[in-house]
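Below you'll find the structure, written out as structure tokens, and then a few comments.
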Ligand SMILES: Cc1cc2nc3c(=O)[nH]c(=O)nc-3n(C[C@H](O)[C@H](O)[C@H](O)COP(=O)(O)O)c2cc1C
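In this note's numbering, the protein residues as written are 1305 to 1456.
What follows is the structure in structure tokens.
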């Protein structure tokens, strides 16, 4: 079933970032979607075991950093290491958005969200964020796509 869904549903690729109690972290996520125009709401599905999960709950804010098609290595790095073990931002240039979430300087775009709701859904939590601010940082780039368990 999972193989079928992975091939049937296509995603963008994002680094979800958050900062709480002086700890900053980011993780790769593909399960991200806008869910409302007015107010502007975005959903990210994050498993409770992720280090990022606790940071979002603690801070009440998160940023969604959009990766471009030439950033597969960044997607793999943030998606295969945990902030429980390594400081992923020790080698990654970043700035901080208005509410403190790290923004990758190399991201194609970002939005920072205020957490407005969280729902358990199977083995993931759906965090719903209202968009506070954002910027297209590299308008010349094309987005990275995740489909058929591969990057495009
Ligand atoms: C392409 C890709 C997409 C991913 N999408 C998600 C996702 O949508 N939700 C999720 O919880 N984990 C997802 N992951 C797994 C996390 O990125 C991975 O477990 C990460 O190491 C968690 O980091 P953290 O513990 O520092 O938060 C994805 C990984 C990859 C490589």
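Using N, Cα and C, we set each Cβ at its ideal position, and we do this for glycine too.
- Relative to ligand 1, the nearest heavy atom lies less than 7 Å away from the CB of residue 1384.
- The Cβ-Cβ distance between residue 1360 and residue 1436 does not fall below 8 Å.
- For residue 1342, the distance from the CB to the nearest heavy atom of ligand 1 is not below 7 Å.
- Around the beta carbon of residue 1305, fewer than 16 other beta carbons sit within 10 angstroms, so the residue counts as exposed.
- CA-CA distance, residue 1315 to residue 1406, rounds to 22 Å.
- Judged by the Cβ position, residue 1369 fails to qualify as a neighbour of ligand 1 at the 7 Å threshold, every heavy atom of the ligand being at least this far.
- Cβ neighbours of residue 1331 within its own chain (closer than 6 Å, five residues either side excluded): 1320, 1354, 1356 and 1382.
- For ligand 1, a non-hydrogen atom lies closer than 7 Å to the CB of residue 1349.
- In chain order, 1329, 1356, 1359, 1360, 1363, 1365, 1366 and 1405 place their CB closer than 7 Å to the CB of residue 1322, counting only its own chain and leaving out the 5 sequence neighbours on each side.
- Taking one beta carbon from each stretch, the region 1383 to 1401 and the region 1340 to 1348 have fewer than 3 pairs nearer than 8 Å; the two do not touch.
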